[in-house]
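Each remark here refers to the structure printed beneath this line.
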C-alpha cells in the first residue's frame, strides 16, 4: 500500500533523495500496512545519523509521540549499503490526519489513516505498477508524471502490486525514489 503527499497547490513534492552522503533523512515513505491501516502505519527512511526517530501527532508541527527507529541495512543493486530505519506507529485513530517528521529532517509529511475496519463508507483507490525507471529510451519524467496524476485524483488508497523500477545500478534506484518521494511519503 502506498500513500502520497502533495503540497498546498496539489503538486507532488520530490525533495527527498537517497544519497548516503546526505545528512538529512531521505527516501521517507510509509512502507507497509501490516496491521490494521486504520490504527497503524509503518514508516521507513534512510539516515546517516544514528539514532533516528519518528515524531508524530494530529496537529501540524506538534508531535505528541516519538518512536525510535529500528536500524537495518539495505544492500543496493550495485553493492552500496544504506543505513535504513523503520518505525511503526500504532494506536492511531481511524479516519484521522496525522503529521510526522523523521530524524533531523525539517520537512513535515502528513497522512490520513484508513476508515475504521468494517466501515461501509465508499473509498477510491489507484494501482501503480510497471511505471518505473530503466535504461535507454526511458522517459526520465515518467515516475513523477504518474505520481502527479495519481495525486490529482486524490484516491484514499494507492496499491503497488510490483515492478516499480528496472534499474541495474544504485544511482538509478536512488533517482526513482527521488522522482516519487512525494507519492510514497504520505497519504491524504
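Numbering (the numbering used here), first residue to last: 1324 to 1511.
Where a beta carbon is used, it is the ideal one built from N, C-alpha and C, also for glycine.
So what does DSSP say about residue i, is it helix, strand or coil?
i: residue 1472; result: helix
i: residue 1446; result: coil
i: residue 1496; result: helix
i: residue 1484; result: strand
i: residue 1345; result: Only weak support is given to the placement of residue 1345: the predicted model assigns it a pLDDT of 43, under 50, and the value that follows is read from those uncertain coordinates. Three-state result, residue 1345: coil.
i: residue 1381; result: coil
Please classify residue i: is it buried, with 16 or more other beta-carbons within 10 angstroms of its beta-carbon, or exposed?
i: residue 1393; result: exposed
i: residue 1330; result: Because residue 1330 carries a pLDDT of 37, less than 50, the predicted location of this residue cannot be relied on, and the following value inherits that uncertainty. Residue 1330 is exposed by the Cβ-count criterion.
i: residue 1471; result: buried
i: residue 1412; result: buried
i: residue 1370; result: buried
i: residue 1489; result: exposed
i: residue 1439; result: exposed
i: residue 1475; result: exposed
Where do the ends of the beta strand (DSSP E) carrying residue i lie?
i: residue 1420; result: 1420-1425
i: residue 1436; result: Neither: residue 1436 is in no beta strand (DSSP E) and is coded neither H nor E.
i: residue 1363; result: 1363-1369
i: residue 1415; result: Note, residue 1415: premise wrong, no beta strand (DSSP E); not H, not E.
i: residue 1440; result: It is not in any beta strand (DSSP E) - residue 1440 carries neither H nor E in the DSSP assignment.
Determine the direct distance from the alpha carbon of residue j to that of residue i, and round the result to whole angstroms.
i: residue 1390; j: residue 1420; result: 18 Å
i: residue 1424; j: residue 1497; result: 21 Å
i: residue 1427; j: residue 1441; result: 38 Å
i: residue 1435; j: residue 1382; result: 12 Å
i: residue 1350; j: residue 1500; result: 6 Å
i: residue 1410; j: residue 1480; result: 21 Å
i: residue 1483; j: residue 1365; result: 16 Å
i: residue 1396; j: residue 1405; result: 6 Å
i: residue 1491; j: residue 1443; result: 44 Å
i: residue 1408; j: residue 1363; result: 17 Å
i: residue 1513; j: residue 1386; result: The question about residue 1513 has no answer here: the residues shown for the chain are numbered 1324 through 1511.
Segment contact, 8 Å Cβ cut-off, at least three pairs: the region 1362-1382 with the region 1442-1451: no
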